[in-house]
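A.B. asks: First the structure, which I've put down as structure tokens, then a few questions once you've had a look.
In our numbering, the protein residues as written are 720 to 867.
Here it is, written out as structure tokens:
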């Protein structure tokens, strides 16, 4: 009897918006990431909720174009993003964000990602609000879903 290979999946996602240093919301600057989400086993992902992310972060004044790695964790009505990247200053940063799925407005809750940028010492240095561009990116997003 042949073993069945457990297949995973992959997809690409881009989100963009702004980030603002803590205490200076009027100083908001562009912030975006483009990632490929991937998993080796769909069954394991269903069990743990974890998908791995690799891509690029762009944060004006913080990271021109920095390689990023992290996770996307699916749990009860929440999608939790964590992306680690290096700033232009050589320091390590992490974006921690969450989509909270709400059924009265499911589309909006699936396209809005709010979070924080945290420094290597664990201090929150900025807040961020990103959106998925449904009109501009939905077709590419859907087309990017593939077995891995």
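Glycine included, C-beta positions come from ideal geometry on N, C-alpha and C. Everything numeric in this text was worked out from a predicted model, so none of it was measured.
Would you call the region 756-775 and the region 847-860 in contact, with 3 or more CB pairs under 8 angstroms?
C.D. replies: Too few Cβ pairs lie closer than 8 angstroms, so no.
A.B. asks: Based on the DSSP secondary-structure assignment, which residues constitute the bridge partners of residue 857?
C.D. replies: Partner(s): none; residue 857 has no beta bridge.
A.B. asks: With a threshold of 8 angstroms, are at least 3 pairs of Cβ atoms found where one atom belongs to the region 836-846 and the other to the region 818-828?
C.D. replies: Verdict: no, contact absent.
A.B. asks: Please name the residue, chosen from 788, 820, 865, 741, that lies closest to residue 846 on a Cα-to-Cα basis.
C.D. replies: Minimum Cα distance to residue 846 is reached at 741.
A.B. asks: Tell whether a beta-carbon distance below 8 angstroms holds between residue 798 and residue 791.
C.D. replies: Going by C-beta atoms, residue 798 is nearer than 8 angstroms to residue 791.
A.B. asks: With a floor of 4 residues, list each alpha helix (DSSP H) that falls wholly inside the region 813-843, ordered by position along the chain.
C.D. replies: The region 813-843 contains these whole alpha helix (DSSP H) runs: 825-830.
A.B. asks: In whole angstroms, what is the alpha-carbon distance linking residue 748 and residue 783?
C.D. replies: Spanning the two alpha carbons is a distance of roughly 12 angstroms.
A.B. asks: If you follow the alpha helix (DSSP H) that residue 765 is part of, which residue opens it and which one closes it?
C.D. replies: Segment 761-767, the alpha helix (DSSP H) holding residue 765.
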